[in-house]
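Asks: Order-wise, the sequence lines are chains B and X. Numbering follows full-length UniProt numbering, in which position 20 of the first sequence is assigned residue number 20; successive positions increment by one, without gaps. Numbering follows full-length UniProt numbering, in which position 27 of the second sequence is assigned residue number 27; successive positions increment by one, without gaps. First, the structure itself, so that you have it in front of you.
Protein chains: 2
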Amino acid sequence: MAPELHARLDRSSPVPLYFQVASRLQALIERGEIGVGARIENEIDLAERLGVSRPTIRRAIQYLVERGMLIRKRGVGTQVVHPKVRRPVELSSLYDDLVSSGRTPRTEVLQLTVMPVPAQAAAALEIELGTEVTWIERLRYAGGEPLALMHNAIPLGVLRPDRADLAEHGLYELLRRAGHVPKIATQMIGARSATSAEARTLTEKRGASLLTMSRTAWDAAGHVLEYGSHVYRASRYSFELSLSTH
Amino acid sequence: MAPELHARLDRSSPVPLYFQVASRLQALIERGEIGVGARIENEIDLAERLGVSRPTIRRAIQYLVERGMLIRKRGVGTQVVHPKVRRPVELSSLYDDLVSSGRTPRTEVLQLTVMPVPAQAAAALEIELGTEVTWIERLRYAGGEPLALMHNAIPLGVLRPDRADLAEHGLYELLRRAGHVPKIATQMIGARSATSAEARTLTEKRGASLLTMSRTAWDAAGHVLEYGSHVYRASRYSFELSLSTH
DNA sequence: GTCAATACTTTGTCCTGACAAACTCACATG
DNA sequence: CATGTGAGTTTGTCAGGACAAAGTATTGAC
């Protein structure tokens, strides 16, 4: 097997051993040093060779199994099924996604007010009609072109962003900075035709197809953080996701 | 705590202990006997009370954490954050989804031929251009109305379905029956306007917005099972998914 | 040669034990 | 009163061992 796996693990590091092992395996697979279809060494030998216990090795392998790179079969072994991480849809904002894919997002804040929660958002946020929330309308550009028109409702107790913050950062980054880490979200993805106002804003033709995504996000304590209702230019954007049953 | 948790676990059952524990916890939470926000007993006490080890309890809790029902915090405890499973997008066909949501799907097989693989499918299936595959075109109805127009390419070695099978079952069910269990898939969800032919078939207006989904599915051994390219009536269908970071 | 029984390999489940890290809260100190 | 120190609680990580279950390969009987 590849040499990298032989290097001594760093037991003084705050990074858990199982994660160190998983990272090395992942790197080997991504670089093709363990080819698709090949079986990796069995757990017991791996554990002995790396000087860790079998549960630690199992946890490392499990981590990669959940990411879709490996498959295990009892009585057979553990096999590489895909050379790269098929990362599941992540809980990040469009802004983060654009940055990490090397594009340069720009945000224009069209509206930022405190107002009674719109009906659709009230149900999603699980708050009463009439309660005041921060209402945000943003236009997100990528590569100089408008990409998405985004609406968000945020409970007043969670965050009170200002225009400058919103123009320079993703909403999720602001939330995280304020100590509200999004942990769970439910999304709905659909499509519809652009209204004439939307078409004008997004420089699309009237009636052009738009991707719609609405999302509600909660933090670790189960508190609602935000409701978003966004439309994307279908001609410029699509969602990618990967699934695995385990 | 609720009485159900006291019942003796069945050690002679083939169902793993951790799963028995997880199922009971899930039932209690779904029925509201452990309310949202409430903390469950700590792992060590739970383990002692149920007569299993702490790792077993941890695994049961982990299972529910991954499904978005529970959240753990070191030094604090484990808390209920949502009363029902937020199940992630599952690897099932539209047919199964419709059945499980109580609707009555019907399938019309428009085309079923063996032909050289179309260019878009060749890349996704990771096979060479010119290779022959089974090509299927189906129209899926729900509640008497057309809902989706589905195209699939299937390698000849995987499955050779006939019209009757396709009319009565979902493609994934047929695959599973043939011993090819889909384990991993990558999907892309987008939108576009209907061509006039699509509009006619789906009884939509010309130019109506359609949701598009393309998917490639692999089995446990890493073999490609199918490539699908589908369009859904955006007016009747949307994707729901839930995410959690862990 | 075919087929069934057997041995072997490998992952799955479960146990006990130990210490570390993060959080909460009471209490002492300035 | 504010603050930070420390004890206590709870989850996170890790070890090492044992047996079960599933799949593969070999062997033996017919």
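Where a beta carbon is used, it is the ideal one built from N, C-alpha and C, also for glycine.
Thinking just about the alpha-carbon of each residue, which of P14/B, I61/B, E108/B and L17/B is nearest to the one in I29/B?
Replies: Among P14/B, I61/B, E108/B and L17/B, the Cα nearest to that of I29/B belongs to I61/B.
Asks: Could you check how far apart the C-beta atoms of E132/B and L166/B are, in whole angstroms? I think they sit under 8 angstroms.
Replies: Between L166/B and E132/B the Cβ distance is about 18 angstroms, and since that is not below 8 angstroms, they are no contact.
Asks: Could you compute how far the alpha carbon of L202/B sits from the alpha carbon of V158/B?
Replies: Straight-line Cα distance between these residues: approximately 30 angstroms.
Asks: I'd like to know if H82/X contacts chain B, where contact means its C-beta is closer than 8 angstroms to some C-beta of that chain.
Replies: For H82/X, the answer is yes, since a Cβ of chain B falls inside 8 angstroms of its Cβ.
Asks: Mind listing which residues of the stretch 162-191 of chain B have their C-beta closer than 9 angstroms to chain X's C-betas, in chain order?
Replies: Residues V181, P182, K183, I184, A185, T186, Q187, M188, I189, G190 and A191.
Asks: For S242/X, which residues in chain B fall below 9 angstroms Cβ to Cβ?
Replies: Neighbours of S242/X on chain B, chain order: I184, A185, T186 and Q187.
Asks: Residues in the same chain with beta-carbon distance under 8 angstroms from L210/B, minus the five sequence neighbours each way, listed in chain order, please.
Replies: Within the same chain, L210/B has close Cβ partners A191, R192, S193, A194, E198, L202, E204, V231, Y232, R233 and A234.
Asks: For the putative contact between Q26/X and L64/X, defined by C-beta atoms under 8 angstroms, what is the C-beta separation to the nearest angstrom?
Replies: Confirmed, about 6 angstroms.
Asks: Let me see if you follow: with CB-CB separation under 8 angstroms, is residue 250/B close to chain X or not?
Replies: Nothing about residue 250/B can be read from this structure; chain B reaches only from 1 to 246.
Asks: Please work out which residues of its chain come closer than 8 angstroms, Cβ to Cβ, to W218/X, disregarding the five sequence neighbours upstream and downstream, and give them in chain order.
Replies: P182, K183, I184, A185, V224 and L225, listed in sequence order.
Asks: DSSP three-state call for R31/X: helix, strand or coil?
Replies: Correct three-state label for R31/X: coil.
Asks: Distance check for R67/B and P88/X, CA to CA, integer angstroms please.
Replies: Any reading at P88/X must be qualified, since the residue scores a pLDDT of 49, below 50, and its modelled position is unreliable; no value is offered.
Asks: Would you grab the beta carbon distance between residue 258/B and R103/B for me? Rounded to a whole angstrom, and I think it's under 8 angstroms.
Replies: No answer is possible for residue 258/B: the residues shown for chain B start at 1 and end at 246.
Asks: Kindly indicate if chain B contains any beta-carbon less than 8 angstroms away from that of S238/X.
Replies: Yes, its Cβ sits closer than 8 angstroms to a Cβ of chain B.
Asks: Tell me which same chain residues have a C-beta within less than 7 angstroms of the C-beta of R54/X, skipping the five on either side of it?
Replies: Here the set comprises E43, I44 and A47.
Asks: So the candidates are I154/B, M188/B and A164/B; which of them puts its Cα closest to the Cα of L175/B?
Replies: It is I154/B whose Cα lies nearest to the Cα of L175/B.
Asks: Return no unless some Cβ of chain B is closer than 8 angstroms to the Cβ of S196/X.
Replies: Not closer than 8 angstroms to any Cβ of chain B, the Cβ of S196/X fails to qualify, so no.
Asks: Between S193/B and chain X, is any beta-carbon pair separated by less than 8 angstroms?
Replies: It does: the Cβ of S193/B has a partner Cβ on chain X nearer than 8 angstroms.
Asks: Going by DSSP, name the residue or residues bridged to L175/B.
Replies: DSSP lists no partner for L175/B.
Asks: Per DSSP, which one or two residues make a beta bridge with H230/B?
Replies: According to DSSP, which records beta bridges pairwise, H230/B is partnered with M150/B and M213/B.
Asks: Contact criterion: CB-CB distance below 8 angstroms. Does S23/X meet it with respect to chain B?
Replies: Chain B contact via Cβ: absent.
Asks: Using a Cβ-Cβ cut-off of 6 angstroms (strictly less than) and excluding sequence neighbours within five positions of T216/X, which residues of its own chain qualify?
Replies: The residues are A124, T186 and Y227.
Asks: For M115/X and R74/B, what's the separation of their Cα atoms in angstroms?
Replies: Computed Cα separation, rounded: 38 angstroms.
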